[in-house]
């Protein structure tokens, strides 16, 4: 009997953690678009809910004035995530490449990054947290990969070193 209770508790403790699930009533106030305009660039991203209740990150990346990226950031109170190994994101891209980013602390200067392609169709992207590498302003850092113990920020970024319009439709982001 005790062993059954142990396994039941273990199973319950490994329940996926929902970081954000979009719907028509989603509060987007903690989601922020940050473009290369912070460095003088001219890219223009925006974020909104569509009629189906999905988050839509869209816009145009410009290379003018040394620009070249648009990002979407979501900050939240610290989450202890040591028992989770991967991020699972349900989305519909536009066939372009994107980055999924994490921060252990919102005050960290660097992010941990995983690049992923999109197909133009609805798909589920799985990202192994331990494979996410550290980078700051486009440069890989010589420190260990994401430790996966704390999480205070997730982000999406497009920056493919070319002028392009983009649209990433997001349904949900969970940890498993």
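In my numbering, the protein residues as written are 1 to 176.
All C-beta atoms, glycine included, are put in the ideal place defined by N, C-alpha and C.
Just so we're clear, the structure is a prediction, and the values are computed from it rather than from any experiment.
- The C-beta distance from residue 87 to residue 110 rounds to 18 Å, too long to fall under 8 Å, and the pair is not in contact.
- In this structure, the CA atom of residue 52 is about 42 Å from the CA atom of residue 142.
- The count of Cβ pairs closer than 8 Å, one atom from the segment 71-85 and one from the segment 117-124, stays below three, leaving the stretches out of contact.
- Boundaries for residue 42: no beta strand (DSSP E) harbours it, and the DSSP string shows neither H nor E there.
- Going by C-alpha positions, residue 163 is about 12 Å away from residue 66.
- If you ignore the 5 residues before and after residue 147, its C-beta comes within less than 8 Å of the C-beta of 104, all in its own chain and listed in chain order.
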